[in-house]
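Heads up: take any position in the sequence shown, counting from 1, add 96, and you land on the working numbering.
For glycine and all other residues, C-beta sits at the position ideal for the given N, C-alpha and C.
Let me begin by presenting the structure, written as structure tokens, before commenting on it.
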Amino acid sequence: MHYRIEAADLHAHLYGVTLTIAQPTAGQRVSLPVWIAGSYMVREFAKQITGLSARQGKRNVTVQQLDKATWVIGCEANTPLTLHYQVHAHDDSVRTAWLTTQRGFFNGTSLCLQVEGQSDAPHQLELVADSFNTHKTWQVATGLTPVKTDRQGFGTYVAAGYDELVDCPVEMGAFWSGSFKACGIEHRFVVAGATPTFDGERLLRDTQKICETAIRFWHGHKRSATPHTHYVFMLNAVADSYGGLEHRNSTALICNRADLPRLNDNKPSDAKQSEGYTTLLCLISHEYFHTWNVKRLRPAEFARYDYRQENYTELLWFFEGFTSYYDDLLLRRAGLIDDAQYLKLLNKTINQVLQTPGREVHSVAQSSFEAWTKYYRQDANSPNLTVSYYTKGALVALCLDLTLRQHGVKNHSVSLDDVMRALWARCCTGKHEGQMSEADVLAVLKELTGRSWHTEFKAWVHGTRDLPLEKLLAAHGVKVQHDPAQLAQRLGLRVAEDHSVQIKTVLNGSAAHKAGFAPGDEWLGVDVAGKAPSAWRLKKLDDLLLYAGAAKKVTALISRDRQLLRLNLALPDAKANSTWRLMQDNPKLLSRWLGL
Numbered sequence: 097m098h099y100r101i102e103a104a105d106l107h108a109h110l111y112g113v114t115l116t117i118a119q120p121t122a123g124q125r126v127s128l129p130v131w132i133a134g135s136y137m138v139r140e141f142a143k144q145i146t147g148l149s150a151r152q153g154k155r156n157v158t159v160q161q162l163d164k165a166t167w168v169i170g171c172e173a174n175t176p177l178t179l180h181y182q183v184h185a186h187d188d189s190v191r192t193a194w195l196t197t198q199r200g201f202f203n204g205t206s207l208c209l210q211v212e213g214q215s216d217a218p219h220q221l222e223l224v225a226d227s228f229n230t231h232k233t234w235q236v237a238t239g240l241t242p243v244k245t246d247r248q249g250f251g252t253y254v255a256a257g258y259d260e261l262v263d264c265p266v267e268m269g270a271f272w273s274g275s276f277k278a279c280g281i282e283h284r285f286v287v288a289g290a291t292p293t294f295d296g297e298r299l300l301r302d303t304q305k306i307c308e309t310a311i312r313f314w315h316g317h318k319r320s321a322t323p324h325t326h327y328v329f330m331l332n333a334v335a336d337s338y339g340g341l342e343h344r345n346s347t348a349l350i351c352n353r354a355d356l357p358r359l360n361d362n363k364p365s366d367a368k369q370s371e372g373y374t375t376l377l378c379l380i381s382h383e384y385f386h387t388w389n390v391k392r393l394r395p396a397e398f399a400r401y402d403y404r405q406e407n408y409t410e411l412l413w414f415f416e417g418f419t420s421y422y423d424d425l426l427l428r429r430a431g432l433i434d435d436a437q438y439l440k441l442l443n444k445t446i447n448q449v450l451q452t453p454g455r456e457v458h459s460v461a462q463s464s465f466e467a468w469t470k471y472y473r474q475d476a477n478s479p480n481l482t483v484s485y486y487t488k489g490a491l492v493a494l495c496l497d498l499t500l501r502q503h504g505v506k507n508h509s510v511s512l513d514d515v516m517r518a519l520w521a522r523c524c525t526g527k528h529e530g531q532m533s534e535a536d537v538l539a540v541l542k543e544l545t546g547r548s549w550h551t552e553f554k555a556w557v558h559g560t561r562d563l564p565l566e567k568l569l570a571a572h573g574v575k576v577q578h579d580p581a582q583l584a585q586r587l588g589l590r591v592a593e594d595h596s597v598q599i600k601t602v603l604n605g606s607a608a609h610k611a612g613f614a615p616g617d618e619w620l621g622v623d624v625a626g627k628a629p630s631a632w633r634l635k636k637l638d639d640l641l642l643y644a645g646a647a648k649k650v651t652a653l654i655s656r657d658r659q660l661l662r663l664n665l666a667l668p669d670a671k672a673n674s675t676w677r678l679m680q681d682n683p684k685l686l687s688r689w690l691g692l
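Take a look at the structure:
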């Protein structure tokens, strides 16, 4: 299979794709994926295809669409078949495709039709320089293996099969580029959209620390065992966005432009980071850890992706949640944040889970299985229906790690680190081929500790009761201070404030829920009874405290579908709901846990 990719119309955001199949079958079928690995939502990429046509030699052959993403070609067998089509690309995310006069980016799942029955044959990708590089300033970055390319990277690349082809995104444009070696492995970092104040050397230096820490975590001194021989970070810096998507030897990232490190910053690279830059480093750490945890060590259900439909697993709490636990932890071990910053990041995760009523009705295993409909298709009621397998999965990892370390006091060295490396040894060698099940995790835990962990997994992974966080943290040098929650959390609301208070979410069981608030309401004002009754207009939620005074009950004046309603709201006590604040209590115990 040979895919020729060119810019059909930069202003119309159109890629032109020519697919040549050397040995088609009679009536060859082709299809485009409906989802991309790592982002568990059906996205219907085929809706962007136009003008699909086919030829054998000089003869046009028929193209019949069978369903939303599959076509059958009326061709003969074993005679080269050429398909041509265009793809509209104007989704500036890490998941799909983008094309303008300033930048090009695509995942193969958005552009490259899969040839039925030939997915394991070699696939070539050709990037046509002249169609993109009109000003001779564009370069190419990708994890694909080059076959014949020019100095800018345009030309031909090869993949062993379709899975590899679509697991190596392509970045094109006049981007910033730098490189470093981590444990002897070449890493490239490209940044699109950076400002003149961008400090690329600092980003390279800090990313190198992250990569070296991760490689040592998995392989210790056996660094030749790493699963990749080169790696590419592709970062798109924009006005307002955030996210990443992991790939086998690369990652596509997007961040706020303001979060990039800046030249002439008075703070040295190892000093306290800005919150935005720390968030970016956490994202880099997260996606790089995925190189091992989900790209190689992966759910057994993902042994072979079915790109035509949802691929279900109950294990995203492990592959995303445990990765979310280690992304912050490895930043601390790399020396890029201090203890206080690490506890602040962990604190945020804990409060996010505790402030989500869905944790009481939806286990983290169920959340993993239903990611396709509940996590990736969220609405106003989602916090009441589900819990994030990222955040609660990270807390399951925390509980497991701290419990293992308590056991390890007697056995000298048992931690979640040992579990992860043992799973790698068990599942990523021999017949397993990286495939992992929950039974593998339980088996490794029993091998390391000599006891069963079924009870903990039943409660933590498959149950909905709160995790034993406070007790475990106290045993490892961290105490919990319970502070009054913010007003929105005490009321059970998530709001937007813009000249008025717009209700986005009402949490089940809360004061707002009992009063009858609903998503979509506009909270206009408040009527306060008393010796001198008064009514007040609300501009922001905190105005409520100013106007209510010592009142225990107020009447909320809201607009719902242009109808004015009065809701009786009981104001909760400041101590009725709390938020956690983690505080260092025993530095020695904390350092032992953090692996410093």
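- In the DSSP assignment, L678 forms a beta bridge with V576.
- Membership of Y422 in the alpha helix (DSSP H) is indicated by the continuous run 419-429.
- Bounds of the alpha helix (DSSP H) holding W689 are 683-690.
- When DSSP states are grouped into helix, strand and coil, M137 belongs to the coil group.
- Between V602 and P615, the beta carbon gap of about 6 Å places them in contact (Cβ cut-off 8 Å).
- Classified as buried, R429 has 16 or more neighbouring CB atoms from the shown chains inside 10 Å of its CB.
- Taking C-beta atoms as the reference points, L195 and H326 fail to come closer than 7 Å.
- The region 622-631 and the region 607-614 do not touch, with fewer than 3 CB-CB distances between them shorter than 8 Å.
- Look at the beta carbons and you see the region 109-127 touching the region 174-183: at least three pairs across the two are nearer than 8 Å.
- The C-beta separation of M330 from V390 comes to about 18 Å, leaving the pair out of contact by the 8 Å criterion.
- Taking 7 Å as the cut-off, the beta carbon of G274 is found no closer than this to the beta carbon of L240.
- In this structure, the straight-line span from the alpha carbon of E267 to that of L223 is close to 11 Å.
- Fewer than three pairs of CB atoms, one per stretch, sit closer than 8 Å, so the region 374-382 makes no contact with the region 443-454.
- The C-beta distance from L690 to Y438 rounds to 7 Å, short enough to meet the 8 Å contact threshold.
- The criterion of a C-beta distance shorter than 7 Å is satisfied by A670 and P580.
- Boundaries for Q659: no alpha helix (DSSP H) harbours it, while the beta strand (DSSP E) harbouring it runs 659-666, taken from the DSSP string.
- Put simply, the region 127-140 touches the region 391-404. At least three CB pairs are less than 8 Å apart.
- Its chain contains V130, W131 as the residues whose beta carbon lies nearer than 6 Å to that of V138, once the 5 sequence neighbours on both sides are disregarded; these appear in chain order.
- The beta carbon of Y643 sits closer than 7 Å to the beta carbons of V622, V624, W632 from its chain, once the five residues preceding and following it are set aside; these are given in chain order.
- Taking all protein chains in view, the Cβ of D497 is crowded by 16 or more other Cβ atoms within 10 Å, so the residue is classified as buried.
- Taken atom to atom, the span from the alpha-carbon of R656 to that of L500 is near 52 Å.
- For a cut-off of 8 Å, the C-beta gap from S459 to T560 is around 6 Å, short enough to register as a contact.
- The region 600-629 contains, as complete beta strand (DSSP E) runs of 3+ residues, the segments 618-624 (chain order).
- By the Cβ-count criterion, L162 is exposed, with fewer than 16 other Cβ atoms from all chains shown falling within 10 Å of its own Cβ.
- Taking a cut-off of 8 Å on C-beta distances, the region 203-219 touches the region 255-265, as three or more cross pairs fall below it.
- Under the DSSP definition of a beta bridge, E267 partners with F201, A237.
- Around the CB of V540, 16 or more other CB atoms lie within 10 Å, so the residue is classed as buried.
- L637 carries a coil assignment under DSSP once its states are collapsed to helix, strand and coil.
- L148 is positioned such that its CB atom lies no closer than 7 Å to that of V183.
- Looking at the DSSP output, A399 shares a beta bridge with no other residue.
- In the DSSP secondary-structure assignment, S215 is not bridged to any residue.
- Looking at the DSSP output, C351 bridges to A333.
- Nearest neighbour of N447 by Cα position, chosen from Q405, G454, R677, V334, turns out to be R677.
- The residue among L349, N203, E618, L494 with its C-alpha nearest the C-alpha of R658 is E618.
- The continuous beta strand (DSSP E) containing E342 extends over residues 339-342.
- Between the alpha carbons of P668 and A518 lies a distance of about 49 Å.
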